[in-house]
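First residue of the first sequence: 0, per numbering that gives the first Met the number 0; consecutive thereafter.
Note that beta-carbon positions come from the ideal geometry of N, C-alpha and C, so glycine has one too.
Since this is a predicted model, take the numbers as computed values, not measurements.
All remarks here apply to the structure that follows.
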Amino acid sequence: MFRKQGVQMSDLRVRFAPSPTGYLHIGGARTALFNYLLAKQQGGTYVLRIEDTDVARSTQESVDAILDAMNWLGLSCDEGPFYQSERFGLYKEKVQQLIDEGKAYRCYCTQEELDAKREAAMKEGRKPKYDGTCRNRTDHPDAPYVIRFKLPEGKEEVAFDDRIKGRISVRLEELDDLIVARTDGTPTYNLVVVIDDAEMGINLVIRGDDHVNNTPRQILLYEALGYAVPEFAHVPMILGSDKKRLSKRHGATSVMAYQEEGFLPEAMVNYLVRLGWSYGDEEIFSMDDLIEKFSLDNVGRSAGVFNPEKLLWLNAHYIKTGDPVRLAELLKPFLSAKGIATEQGPDLVEAVKSLQERASTMAEMADGAAFYFVDTVEYEEKAKNKFLKAEQKPVFEAILSELGTCELFNEEQLEAAFAKIMDQTELKFGKVAQPLRVALTGGTASPSIYEVLQVLGKERALARIEQALATL
RNA sequence: GUCCCUAUCGUCUAGCCUGGCCCAGGACACCGGCCUUUCACGCCGGCGACGGGGGUUCGAAUCCCCCUGGGGACGCCA
Numbered sequence: 000m001f002r003k004q005g006v007q008m009s010d011l012r013v014r015f016a017p018s019p020t021g022y023l024h025i026g027g028a029r030t031a032l033f034n035y036l037l038a039k040q041q042g043g044t045y046v047l048r049i050e051d052t053d054v055a056r057s058t059q060e061s062v063d064a065i066l067d068a069m070n071w072l073g074l075s076c077d078e079g080p081f082y083q084s085e086r087f088g089l090y091k092e093k094v095q096q097l098i099d100e101g102k103a104y105r106c107y108c109t110q111e112e113l114d115a116k117r118e119a120a121m122k123e124g125r126k127p128k129y130d131g132t133c134r135n136r137t138d139h140p141d142a143p144y145v146i147r148f149k150l151p152e153g154k155e156e157v158a159f160d161d162r163i164k165g166r167i168s169v170r171l172e173e174l175d176d177l178i179v180a181r182t183d184g185t186p187t188y189n190l191v192v193v194i195d196d197a198e199m200g201i202n203l204v205i206r207g208d209d210h211v212n213n214t215p216r217q218i219l220l221y222e223a224l225g226y227a228v229p230e231f232a233h234v235p236m237i238l239g240s241d242k243k244r245l246s247k248r249h250g251a252t253s254v255m256a257y258q259e260e261g262f263l264p265e266a267m268v269n270y271l272v273r274l275g276w277s278y279g280d281e282e283i284f285s286m287d288d289l290i291e292k293f294s295l296d297n298v299g300r301s302a303g304v305f306n307p308e309k310l311l312w313l314n315a316h317y318i319k320t321g322d323p324v325r326l327a328e329l330l331k332p333f334l335s336a337k338g339i340a341t342e343q344g345p346d347l348v349e350a351v352k353s354l355q356e357r358a359s360t361m362a363e364m365a366d367g368a369a370f371y372f373v374d375t376v377e378y379e380e381k382a383k384n385k386f387l388k389a390e391q392k393p394v395f396e397a398i399l400s401e402l403g404t405c406e407l408f409n410e411e412q413l414e415a416a417f418a419k420i421m422d423q424t425e426l427k428f429g430k431v432a433q434p435l436r437v438a439l440t441g442g443t444a445s446p447s448i449y450e451v452l453q454v455l456g457k458e459r460a461l462a463r464i465e466q467a468l469a470t471l
């Protein structure tokens with residue numbers, strides 16, 4: 000028996016199947032994550048499939064954007080990516096099979112006729128469904144047509160046991176003959192999703208809640224094509240703060256937009272998984288934790304509201320507890336985006352350490368780190384007016400001379416130096432530290448003064464103090 | 001409009017299946033305090049919810065029904 004990290008290999012096969020008509024959004028990322036976690040946990044297989052049957056709207060840029068985002072989140076697939084656009088032959092075969100078996104037919108109704116019927120039905124309070132006009136016609140006019148799947152007769156309802164929502168059933172009279180092939184011959188979503196899931200051996204379909212209504216008709220298609228019906232798990236939607244479907248109006252919905260704002264992938268993963276899933280009172284989960292602990296049983300059934308504040312809190316947590324060397328690497332692009340070069344400056348890793356518990360995002364950390372690397376400190380107006388005044392001259396002189404005698408800028412020597420400064424000037428620590436902070440950083444908020452001094456190093460620190468002294 | 005799904009603090013949620021341990025627990029946010037060389041971190045405390053109405057029961061957040069709210073679907077998009 001094969002084993003993988005002590006976990007029994009299973010035949011679980013799941014998939015994530017985005018359509019490349021835009022970037023990977025928050026909701027899709029969560030669906031992908033759930034799929035990934037379950038596959039990893041059970042030693043199953045996670046398949047990635049690009050649903051690009053809508054040739055007009057699918058783009059390579061979107062495919063790349065989705066792949067990038069999956070990669071960033073660390074959700075690598077075991078198989079794929081497969082492209083539906085490369086499988087049209089297979090779909091065509093299956094459509095023909097349905098026609099041959101009398102389970103599908105040509106429909107010559109025009110778009111306009113259909114729209115009119117739909118509108119009329121809505122107006123009368125009926126469900127707008129196809130009336131079956133072409134269902135029994137035997138002629139083959141020389142006109143454009145679509146292929147419709149004929150709803151099976153003699154069946155009352157379709158039901159399935161959703162792994163998240165429980166039993167869901169729909170009466171057949173609520174359904175109609177859906178289009179499986181367009182006028183141009185290309186297959187539509189409901190058909191290809193069934194064929195691919197079946198042909199790829201997917202036995203558990205985890206997807207968004209918005210597909211619940213498609214499931215009954217897809218089950219009918221599975222049956223008509225002679226396929227085994229997989230299990231389904233419909234994950235609730237993610238809503239905006241106004242309880243409306245999450246959209247750009249609510250802020251960034253693209254996963255990669257968060258990366259650009261300085262979020263860490265582990266924060267995003269942690270946030271996403273907790274939106275709809277829980278494990279007692281625990282809040283912090285590493286990917287390994289999740290692979291061990293995730294379960295569909297603990298996924299909630301109702302829609303959730305996306306809460307950027309909590310994401311931010313998680314991000315701050317992961318910055319606080321993250322590896323400084325890695326964070327330093329991640330920080331570089333944010334610094335260069337601000338036009339800051341770090342090569343000649345103080346040790347970037349040390350700078351990061353001093354800022355870890357003060358930054359919620361990497362962008363914020365870059366803001367906070369900027370002062371370390373400037374050639375000439377620029378003073379904030381208010382800070383300068385308050386702390387860089389002529390009367391401070393003696394303090395700065397004392398600081399300059401005492402720090403100048405420090406061999407090493409370590410905690411011990413700095414403390415000793417400050418003790419002397421405070422003694423000489425008869426000032427309390429705060430009265431010394433704050434002006435010095437302005438001289439060193441240009442502002443009134445920064446890491447602790449000892450840290451700043453140490454990160455900067457003696458030479459740079461003394462130069463900055465002299466610079467300040469010169470302005471008094 | 002019709003159908004499907006859903007309903008615990010502002011938000012994410014625990015508890016619900018297997019009624020009493022719940023005058024409902026945790027987290028984010030918010031407010032207050034402590035710590036403190038600034039800003040933060042951290043710590044302590046506070047505010048804050050079982051949508052409504054009927055049942056069932058000795059007892060209901062938990063079981064049943066109705067109502068209401070919310071979401072989704074109704075496409076030659078996925």
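Same chain only: Cβ atoms within 6 angstroms of residue i, ignoring 5 sequence neighbours per side
i    : result
I182 : For the sequence presented, residue 182 should be read as Thr rather than Ile. Same-chain partners within the cutoff: P143, V145.
E50  : A16, S18, Q83
Q4   : Here the model assigns Q4 a pLDDT of 46, short of 50, so the residue's position is not dependable and the matter cannot be decided.
S9   : Q41, G42, G43
K39  : I290
Boundaries (first-last residue) of the alpha helix (DSSP H) holding residue i
i    : result
Y45  : Here Y45 belongs to no alpha helix (DSSP H); instead the beta strand (DSSP E) covers 44-49.
I479 : Only positions 0 to 471 of the chain appear in the structure, and residue 479 is not among them; the question remains open.
V94  : 87-99
E230 : Not the alpha helix (DSSP H): E230 falls in the beta strand (DSSP E), residues 230-234.
I178 : Per DSSP, I178 belongs to no alpha helix (DSSP H); it is in the beta strand (DSSP E), 178-180.
Cα-Cα separation between residue i and residue j, rounded to whole angstroms
i    : j    : result
T132 : R147 : 11 angstroms
I420 : E401 : 7 angstroms
L461 : M267 : 42 angstroms
L399 : V348 : 26 angstroms
M0   : K352 : With a pLDDT of 35 at M0, under the threshold of 50, the predicted position of this residue should be treated as unreliable, though the coordinate-derived value follows. Straight-line Cα distance between these residues: approximately 47 angstroms.
L113 : K102 : 21 angstroms
D201 : T360 : According to the sequence displayed, residue 201 carries Ile and not Asp. For I201 and T360, the distance between alpha carbons rounds to 38 angstroms.
K430 : F333 : 34 angstroms
K309 : F33  : 20 angstroms
Q391 : V437 : 12 angstroms
R2   : G42  : Unreliable placement is indicated for R2, whose pLDDT of 38 sits below 50; the coordinate value is still reported in the next sentence. Approximately 8 angstroms, taken between the alpha carbons.
M356 : E78  : The identity of residue 356 in the sequence shown is Glu, whereas the question assumes Met. Near 40 angstroms, if we compare the C-alpha coordinates of E78 and E356.
N189 : Y221 : 10 angstroms
R29  : E377 : 44 angstroms
M199 : D322 : 40 angstroms
T252 : A68  : 12 angstroms
L47  : A31  : 9 angstroms
Y107 : R244 : 35 angstroms
S335 : I65  : 25 angstroms
D130 : M121 : 13 angstroms
A256 : T137 : 54 angstroms
N269 : K331 : 24 angstroms
L472 : L354 : Here the chain covers residues 0 to 471 and nothing more, so residue 472 does not appear.
Cβ-heavy atom distance, residue i to the ligand NAD, below 8 angstroms
i    : result
D322 : This structure lacks the ligand NAD; in fact it carries no ligand of any kind.
Spatial neighbours of residue i in its chain, beta-carbon cut-off 8 angstroms, leaving aside the 5 residues before and after
i    : result
P204 : Here residue 204 is Val; the residue named in the question, Pro, does not match the sequence. V13, R14, D196, P229, E230, F231, A232, listed in sequence order.
V304 : I237, L238, G239, S240, K242
K164 : V211, H233, R300
L263 : N314, Y317, I318, G321, L329, M361
D472 : Since the displayed the chain opens at 0 and closes at 471, residue 472 lies outside it and no answer follows.
K126 : A120, E173
Limits of the unbroken beta strand (DSSP E) element including residue i
i    : result
D160 : 156-161
P80  : 78-82
L203 : 203-207
V145 : 145-148
F15  : 12-15
S168 : 165-170
A302 : From DSSP, A302 is part of no beta strand (DSSP E); its letter is neither H nor E.
Integer Cβ distance of residue i from residue j, believed to fall under 8 angstroms
i    : j    : result
L371 : A350 : For the record, residue 371 in the displayed sequence is Tyr; it is not Leu. Yes, they are in contact, since the Cβ atoms of Y371 and A350 sit about 5 angstroms apart, within 8 angstroms.
T472 : T185 : One cannot answer for residue 472 here, as it falls past the ends of the chain, which runs 0 to 471.
Y35  : Y45  : 5 angstroms
K149 : D175 : That pair is no contact at about 10 angstroms.
G275 : P307 : In fact, because the Cβ distance is near 16 angstroms, the residues do not count as touching under 8 angstroms.
G261 : E363 : 7 angstroms
Q217 : V192 : 7 angstroms
F408 : F417 : 12 angstroms between Cβ atoms; not a contact.
Beta-carbon proximity list for residue i, same chain, < 7 angstroms, skipping 5 on both sides
i    : result
L413 : C405, Y449, L452
A467 : L387, F395, A438
Y278 : K292, N297
At 4 residues or longer, and completely inside the stretch 311-357: list those alpha helix (DSSP H) runs for me, N to C.
-> List check, alpha helix (DSSP H) in window: 323-336, 347-354.
Entirely within the stretch 382-439 and at least 4 residues each: give me those alpha helix (DSSP H) ranges in chain order.
-> With a minimum length of 4 residues, the continuous alpha helix (DSSP H) runs that stay inside the stretch 382-439 are 392-403, 410-424.
Fully enclosed by the stretch 97-138, which alpha helix (DSSP H) runs are 4 residues long or longer?
-> Segments of the alpha helix (DSSP H) lying fully in the stretch 97-138: 110-122.
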